[in-house]
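> Reminder that position 305 of the sequence shown reads as 473 in our numbering, one-by-one numbering, no gaps. A virtual CB, placed ideally from N, CA and C, is assigned to each residue, including glycine. Here's a structure for you.
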Amino acid sequence: MKVCILGAGSYGTALAAALAPLHKNVVVWDKDLGVLESIAAHRENRRYHPGIVLPENIHPVFTAQEAVEDAQMVLLAVPSNAMRKTALQVADFLPAHIPIIAAAKGIEEGTLLTMTQVLESCLPEPFHPYIAVLSGPSFAREILLGHPTVMTAAARWDRVARNCQKAFASPVFRIDISSDIIGVQVGGALKNVVAIAAGIAEGLGLGHNARAAIMTGGLAEVALLAVRMGGNPITLYGLSGMGDLVLTCTGALSRNRSTGFALGQGRKLGEILAELGQVAEGVSAAHSAYVLSTQKHVSMPICHQVYQVLYEGKSPEQAIKDWMALPSPEF
Numbered sequence: 169m170k171v172c173i174l175g176a177g178s179y180g181t182a183l184a185a186a187l188a189p190l191h192k193n194v195v196v197w198d199k200d201l202g203v204l205e206s207i208a209a210h211r212e213n214r215r216y217h218p219g220i221v222l223p224e225n226i227h228p229v230f231t232a233q234e235a236v237e238d239a240q241m242v243l244l245a246v247p248s249n250a251m252r253k254t255a256l257q258v259a260d261f262l263p264a265h266i267p268i269i270a271a272a273k274g275i276e277e278g279t280l281l282t283m284t285q286v287l288e289s290c291l292p293e294p295f296h297p298y299i300a301v302l303s304g305p306s307f308a309r310e311i312l313l314g315h316p317t318v319m320t321a322a323a324r325w326d327r328v329a330r331n332c333q334k335a336f337a338s339p340v341f342r343i344d345i346s347s348d349i350i351g352v353q354v355g356g357a358l359k360n361v362v363a364i365a366a367g368i369a370e371g372l373g374l375g376h377n378a379r380a381a382i383m384t385g386g387l388a389e390v391a392l393l394a395v396r397m398g399g400n401p402i403t404l405y406g407l408s409g410m411g412d413l414v415l416t417c418t419g420a421l422s423r424n425r426s427t428g429f430a431l432g433q434g435r436k437l438g439e440i441l442a443e444l445g446q447v448a449e450g451v452s453a454a455h456s457a458y459v460l461s462t463q464k465h466v467s468m469p470i471c472h473q474v475y476q477v478l479y480e481g482k483s484p485e486q487a488i489k490d491w492m493a494l495p496s497p498e499f
């Protein structure tokens, strides 16, 4: 079985490594030719995962067309802001009747579309039933190290989600399935905003009480928005909601938590992101959350405070004070 992964960054490389023991041909493509050359020459992604040797059956290819042709499953593991461009790049070459899986966690800025909705807007209608999303608590490095990982696949058609489940099934990787495409994606995207808030509190030295309150309130906010967008609230208390939020708010490998932590310590956003060298999806998701919550009349005070810190120059100290001064929400 040929499995194609578009995006050989930190996460795409990890997904390729998870699939490699199960499939003879795992191909990866990325716009960064240096990453592909590193994998081809050294069996390492030296930019994102130096020192970790990748399986021999992960094959880098240098054109997106070659990557998707004859594939029996395609995963798009590019950042959310590159999902549309990548989908349009391969639209004319995708095989029919295969799972097309969005593995990015974000909301497209401007359109406010989820990643599966972006794919639907780019691909002809016959492809739409085969579009799925993969989300849940999953640090790339831990996947690469073979630590147990459980995620959720959601699709319009049950059999598409089950095909994804079977493709990844191993002693260290399990996928649960869902039909709640909206809830899974809203939870996966907006928990990153909450993680920035939790990181800010940690950077300010505010202790575990504050972080617990932010995580609890943030999850409730995200669940309210997901429901208003057509999702199931129960989804947000599963892997792609609470599970992913706990991991991202507390884990040392979380880019979004690290971004918030640095903000809490007084550093500037531009400097933080330049040093990070990777995408912190919560930064763009904070803007999308602000616009969506305004449009849909959902109270999201934690996400709004993060938006003000990121986009309006509000100090982290003042954001925490203003959040604490708000009346208790009625959920």
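Which residues in the same chain have their Cβ closer than 8 Å to the Cβ of Gly-219, if we skip the five residues on either side of it in sequence?
Within the same chain, Gly-219 has close Cβ partners Glu-212.
> What do you reckon, are the CB atoms on Ile-364 and Asn-424 nearer than 8 Å?
Closer than 8 Å, so yes.
> Using DSSP with H/G/I as helix, E/B as strand and the rest coil, what is Val-362?
If DSSP states are grouped into helix, strand and coil, Val-362 belongs with the helices.
> Starting from Trp-197 and walking both ways along the beta strand (DSSP E), at which residues does that stretch end?
Start and end: 193–197.
> Hey, which unbroken runs of the alpha helix (DSSP H) at 4 residues or more fall wholly within the stretch 295–351?
DSSP runs (the alpha helix (DSSP H)) wholly in the stretch 295–351: 308–312 and 326–336.
> Would you kindly check if the distance between the Cβ of Met-319 and the Cβ of Ser-306 is under 8 Å?
Contact flag set, yes.
> Round the Cβ separation of Glu-449 and Ser-248 to the nearest angstrom and send it over; I've been treating them as touching at under 8 Å.
Their Cβ separation, rounded to whole angstroms, is 6 Å, which keeps Glu-449 and Ser-248 in contact under 8 Å.
> According to DSSP, is His-210 helix, strand or coil?
It is helical.
> Are the stretch 426–442 and the stretch 471–485 touching, with three or more C-beta to C-beta distances below 8 Å?
Taking 8 Å as the limit for Cβ pairs, the verdict is that the stretch 471–485 does touch the stretch 426–442.
> Rounded C-beta distance between Met-410 and Leu-387? I'm assuming under 8 Å.
About 6 Å separates the two Cβ atoms, so the contact holds.
> Using the rule of at least 16 other Cβ atoms within 10 Å of the residue's Cβ for burial, across every protein chain shown, is Pro-267 buried or exposed?
Pro-267 comes out buried.
> With distance defined between alpha-carbon atoms, name the residue in Ile-207, Met-169, Tyr-216 and Val-301 nearest to Val-236.
Taking only the C-alpha atoms, the option nearest Val-236 is Met-169.
> Hey, how far is the Cα of Ile-470 from the Cα of Glu-224?
Answer to the nearest angstrom: the Cα atoms are 45 Å apart.
> Taking C-alpha atoms, which residue in Ala-250, Ala-323 and Lys-253 lies nearest to Gln-353?
Gln-353 has its Cα closest to that of Ala-323, out of Ala-250, Ala-323 and Lys-253.
> In whole angstroms, give me the CA-to-CA distance for Ala-271 and Val-171.
For Ala-271 and Val-171, the distance between alpha carbons rounds to 14 Å.
> Return no unless some Cβ of chain B is closer than 8 Å to the Cβ of Leu-413.
This model lacks chain B altogether; it includes just one protein chain.
> From Gly-375 to Ile-488, what distance separates their C-alpha atoms?
Cα to Cα, Gly-375 sits roughly 13 Å from Ile-488.
> Out of Ala-453, Ser-422, Val-301 and Val-459, state which residue places its alpha-carbon closest to the alpha-carbon of Ser-178.
Selected option, being the one with the closest Cα: Ser-422.
> Relative to the C-alpha of Thr-403, which residue among Ile-349, His-227, Gln-446 and Thr-416 is closest?
Checking every option, the nearest Cα to that of Thr-403 belongs to Ile-349.
> From the DSSP secondary-structure annotation, give me the bridge partner or partners of Ile-173.
DSSP output for Ile-173 lists Val-196 and Leu-243 as bridge partner(s).
> Thr-282 bridges to which residues according to DSSP?
Looking at the DSSP assignment, Thr-282 forms a beta bridge with Ile-275.
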